[in-house]
Each structure stands twice: as structure tokens, then as C-alpha cells.
Amino acid sequence: MFRREVDGWHDACPEDQLMVVGGRSSCTSGKGKSSQSSVKYGYSLVKGKANHPMEDYHVAKFVQFKGEELGLFAIFDGHLGDSVPAYLQKHLFTNILKEGDFWNDPFMSISNAYETTDQAILSHSPDLGRGGSTAVTAILINNQKLWVANVGDSRAVVSRGGEAAQMTTDHEPNTERGSIETKGGFVSNMPGDVARVNGQLAVSRAFGDKNLKTHLRSDPDIQYTDITPDIELLILASDGLWKVMANQEAVDIARRIKDPQKAAKQLATEALNKDSKDDISCIVVRFKG
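Numbering of the sequence shown is given in the working numbering, commencing with residue 1082 and proceeding in unit increments.
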């Protein structure tokens, strides 16, 4: 076990898991648990079939912050390189928790941190390159309150009594065409019959992407829920999973497997079996059972 102090919070790394902050994820799967309750998590990352290095990064850990326990979970799905998702893995949660009013107004703290983090990425573009990243983040406060935010098409889904409920919004060019065109951009279904901003990017919100930023947004959609007794689990995943699997199918698979690490692995395996070609990253947080 080791403990790391970062800006007022610390984390303990389970012996069977290598925690990485600010670098490519070094293990393909892992797991951990709350020190205060029975909440457990597991994750699995699988490189896609594309001829480039893995561009998905993740965060999955419980930390102590100002006397409270926080579960921090995230998937960052990069494109045109892995520099931006690596930056997000290292900095986004730290920036959220640095917001002075986090405890009184988590919504504004998350929103502000997303915006300031994107500005920092753009200011470091000579070092980070021209790529970008989606993000889906979840902050679990004392295993009772859940804040979820996203930009792009990485998704968070909860199971409420066995029924899938999506907590995020897929930010796709066709659904935000008005915003893109107002900013002087356009949406084209070429190449590949996929709607893309300026014919290049298949999401309408993202971190980074300096060359497209005047036509993109980076403000997140943010949702909150209490962890009521009917909420069984949370799934965070990149579009390598969601392109080939419906929300309810993912929930059905995860509910059948009590070990969240095995559940995350099975979800990734099922996505591969369905011929997903993208990087696949999945986190399962089990609240009960």
C-alpha cells in the first residue's frame, strides 16, 4: 500500500492495482473499494484495432478530502494523440477540488473547472499538440451523492432497479448543429457517413482541439442524483462500448456479475465480440450487492 498527498487530498492504492496519475494507464484492469462502506469499483481498458497507441485514460479511486470520502471516476477518450487525455487524467479532478466553493456549489465548481482546464490545455497547445479528448467524470460524495459531468460522447449510465438511466448527454454534431453554425462552422457527413464538425470531429464538445475550438464547446452537461436504495450500479465508458451496446444491455450484463472488475472486463469483451474497433474503457461502480 502507498499513500499520495495531492493538494489536500490523499489516496490509498490497493495492492492488486497500480494507480497512475498523469500517465498512460499501466494496467488493463483493476479494482478498489470504499473505506467507509461496501461500495466497490472495477475497470477494464482494451486497446482498439486502430493503428495508433491507446488514447483512452481513466481515473478510478477513493480519496479523503477535508475529512470526507470522495469517489473519483472518469473516462477520457482522446483523439489525434494521447496528450490531452493524459493531461485531464492528471489535472481535471484536482482543478475541480481546488474550486473554493466545491462543497456549497458542486455544480458551479465542476463547470468552472472544466472551462479553466480547457483554457489551460489550449494555452499549452505547443506542448500538448492539436488533439483533444472527451470526458465523463463522476464524483461520489460519502457514497451518498453523485455528480456526473461530460463533454463529448463518453457516457455514464446508472441502474435503477434494473432499468438503465443515462446521466449524460451525447454531444454529437447533428444535435448541436445550430451552435456549430452560429460559431461559423459546419456539419458534414463525410467521410464515412458520420456527422463531423467541419468534416473532421465526430463530437460537438471536447477538450483541446485548438484548430476547431472556435466552432466547438467545452462546457459540460452536469447531473446530480442521491444514491437511493434502488440505484445498484454506475457504468462509465467510452464510445468504444456505447457504439455497439445499448444502455440496457450494458446494465443487464453488469448486474449479473457481482465483482465490478469482472463486470467491466465482460462489458469490454462483449464490445469486442460485437466488433468494436475503437479503444474500449469501462468503469463499473457497484453500490450494493
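Glycine included, each C-beta is placed from N, C-alpha and C at the ideal position.
Residue 1212 is a Cβ neighbour of residue 1289, given a cutoff of 7 Å.
In this structure, the alpha-carbon of residue 1151 lies about 8 Å from that of residue 1142. Within the segment 1250–1309, the alpha helix (DSSP H) runs of at least 4 residues that lie entirely inside it are, in chain order, 1258–1263. Here residue 1295 is exposed, its C-beta having fewer than 16 other C-beta atoms within 10 Å. The C-beta distance from residue 1317 to residue 1217 rounds to 5 Å, short enough to meet the 8 Å contact threshold.
Within the same chain, and ignoring the five residues on either side of residue 1265 in sequence, the residues whose Cβ sits closer than 7 Å to its Cβ are 1295, 1296. Residue 1192 sits in a helix when the DSSP states are folded into three classes.
Unbroken beta strand (DSSP E) stretches of 3 residues or longer found wholly inside the segment 1113–1152: 1121–1127, 1137–1146, given in chain order. Residue 1170: not part of any beta strand (DSSP E); member of the alpha helix (DSSP H) spanning 1164–1179, first to last residue.
With a cutoff of 7 Å on beta-carbon distance, residue 1268 and residue 1315 are scored as not near each other. When only Cα atoms are considered, residue 1341 and residue 1263 end up about 43 Å apart. For residue 1193, same chain residues with a beta-carbon under 8 Å away, outside a window of 5 residues either side, are 1180 in chain order. The count of Cβ pairs closer than 8 Å, one atom from the segment 1165–1179 and one from the segment 1121–1140, reaches three, so the stretches are in contact. Under the three-state reduction of DSSP output, residue 1325 falls in the coil class, being neither helix nor strand. Spatial neighbours of residue 1343 in its own chain (CB-CB distance under 8 Å, excluding positions within 5 residues in sequence) are listed in chain order as 1123.
When secondary structure is reduced to three states using DSSP, residue 1200 falls in the helix class. Rounded to the nearest whole angstrom, the C-alpha separation of residue 1112 and residue 1353 is 21 Å. The three-state reading of DSSP puts residue 1182 in coil, since its state is none of H, G, I, E or B. Exclusion of the five residues before and after residue 1247 leaves 1238, 1328 as the residues of its chain whose Cβ lies within less than 6 Å of its Cβ.
Distance from the CA of residue 1250 to the CA of residue 1303, rounded to the nearest whole angstrom, comes to 9 Å.
In the three-state reduction of the DSSP assignment, residue 1350 falls in the helix class, which pools H, G and I.
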